[in-house]
Amino acid sequence: MLFYFTATGNSLYAAKQFDNDLFSIPQEMNQVNRKYRAEKIGIVCPLYEFDLPSIVKEFIRDSEFETDYFYIVMTYGMHHGGCAARNAELLEKAGRHVDYYNTVKMLDNALPVFNMDEQRKIDPEKKVDEHLAVIKADIEEQKHFIQPATKEEVDFYENFIATSAAFSAALKQPKYSVSEKCIGCGICTRVCPKGCISVVDGRASYDSTRCFGCMACIHACPQKAIGYVEIKEVNPEARYRNPNIKLPEIIKANAQN
Ligand SMILES: Cc1cc2nc3c(=O)[nH]c(=O)nc-3n(C[C@H](O)[C@H](O)[C@H](O)COP(=O)(O)O)c2cc1C
């Protein structure tokens, strides 16, 4: 049994390698009593600012898991900041034992920091499938492992925390705008895991109240009509979806309407 969250498909692609019994976290969040029992239970999701996305934290905190083997795998783009060791310890303190916590480097979809066209060029260097195969084997044999935090990653994380508070806040509680290029197709309304967008009078209308900044809407908009208000993007014309994942899969995972 594996629970996943994905905005642009990387984590769904990873999840598919590890298990066939997949459940979307945004959909599960709509269940009132969440109690799960299975021999193995996994969570696969992206890394947001060296941490779990808030929707995943809430899912773990407010669900009951009865299992012999609990694992977490986070997909990330450039630096994981030692999140596995840090989060495993935090979860342990909160009474949730994690048997296996690892990360896998994939394409970085963070538009304020990276140009997706450049990211695609360096993607093969990340050897994603080789790393996923190693993690798959680890999970199959129920290996016990928490990825250690190297000094380089911890330094990177601590520097970010010390220097990027405003940027971090703008990413976590972003404001998006919808330009006149919007044709009211409604794709954004269906990829949003929190139902923040609706089409009003033929145009997308975005309410930031529940948004946690996953960027699914920005990446999926065929018109490139959605963007940040406060943050400048590196390349507003470049967007991303994992090439192995189809748009209807993201919609099925996230749609709240
Ligand atoms: C809001 C946000 C914050 C991110 N923060 C980080 C980060 O701290 N370090 C990193 O290496 N990648 C970061 N990324 C990149 C994603 O973790 C990475 O692209 C991930 O594989 C996307 O998964 P998905 O396609 O399943 O949504 C961030 C992406 C977003 C949207």
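Residue numbers for the sequence shown follow numbering that gives the first Met the number 0, beginning at 0 and rising by one.
Glycine included, every Cβ here is placed at the ideal spot set by N, Cα and C.
Whole-number beta carbon distance between residue j and residue i, since they are thought to touch under 8 Å
i    : j    : result
M28  : I59  : At roughly 11 Å, the Cβ-Cβ gap does not stay under 8 Å, so M28 and I59 are not in contact.
G41  : Y70  : 5 Å
A252 : S23  : 4 Å
I230 : P111 : 5 Å
M115 : R238 : 6 Å
S167 : G226 : Actually they are not in contact, since the Cβ atoms of S167 and G226 sit about 19 Å apart, beyond 8 Å.
A14  : H218 : No, A14 and H218 are not in contact; Cβ-Cβ is about 18 Å, not under 8 Å.
N101 : V72  : 5 Å
C210 : K193 : 6 Å
V97  : L90  : 5 Å
Q16  : L131 : 5 Å
Y99  : D137 : 6 Å
Boundaries of the beta strand (DSSP E) in which residue i is found, first to last residue
i    : result
K34  : 34 to 36
A203 : 202 to 205
I196 : 196 to 199
Residue burial classification, residue i (beta-carbon count within 10 angstroms, cutoff 16)
i    : result
P52  : buried
A203 : buried
K307 : Here the chain covers residues 0 to 256 and nothing more, so residue 307 does not appear.
N9   : buried
I121 : exposed
L32  : The question names Leu, yet the displayed sequence has Asn at residue 32. That one is exposed.
N86  : buried
I160 : exposed
Q118 : buried
G80  : buried
G212 : buried
K104 : buried
E129 : exposed
Residue i: first and last residue of the uninterrupted alpha helix (DSSP H) it sits in
i    : result
I11  : As written in the sequence, residue 11 is Leu, which differs from the Ile given in the question. Counting along the chain, the alpha helix (DSSP H) containing L11 begins and ends at 9 to 17.
I225 : I225 -> not in any alpha helix (DSSP H); beta strand (DSSP E) instead, spanning 225 to 227.
I217 : 215 to 219
V190 : 186 to 190
Closer than 7 Å: residue i CB and nearest ligand 1 heavy atom
i    : result
Y79  : What sits at residue 79 in the sequence shown is His, not Tyr. Correct: H79 has its Cβ closer than 7 Å to ligand 1.
C213 : yes
T74  : yes
E48  : yes
D200 : no
L11  : yes
G183 : no
T5   : yes
P45  : yes
N241 : yes
M115 : no
In chain order, which beta strand (DSSP E) runs of at least 3 residues are fully inside the region 30 to 73?
-> Within the region 30 to 73, the complete beta strand (DSSP E) runs of at least 3 residues are 34 to 36, 39 to 45, 63 to 65.
Of all the beta strand (DSSP E) runs that stay within the bounds of the region 145 to 179, which reach a length of 3 or more residues?
-> Counting whole runs of 3 or more residues, the region 145 to 179 contains the beta strand (DSSP E) stretches 175 to 177.
Could you pull out every unbroken beta strand (DSSP E) segment of at least 3 residues lying fully inside the region 78 to 144, listed in chain order?
-> As far as the region 78 to 144 is concerned, its whole beta strand (DSSP E) runs of at least 3 residues are 99 to 104.
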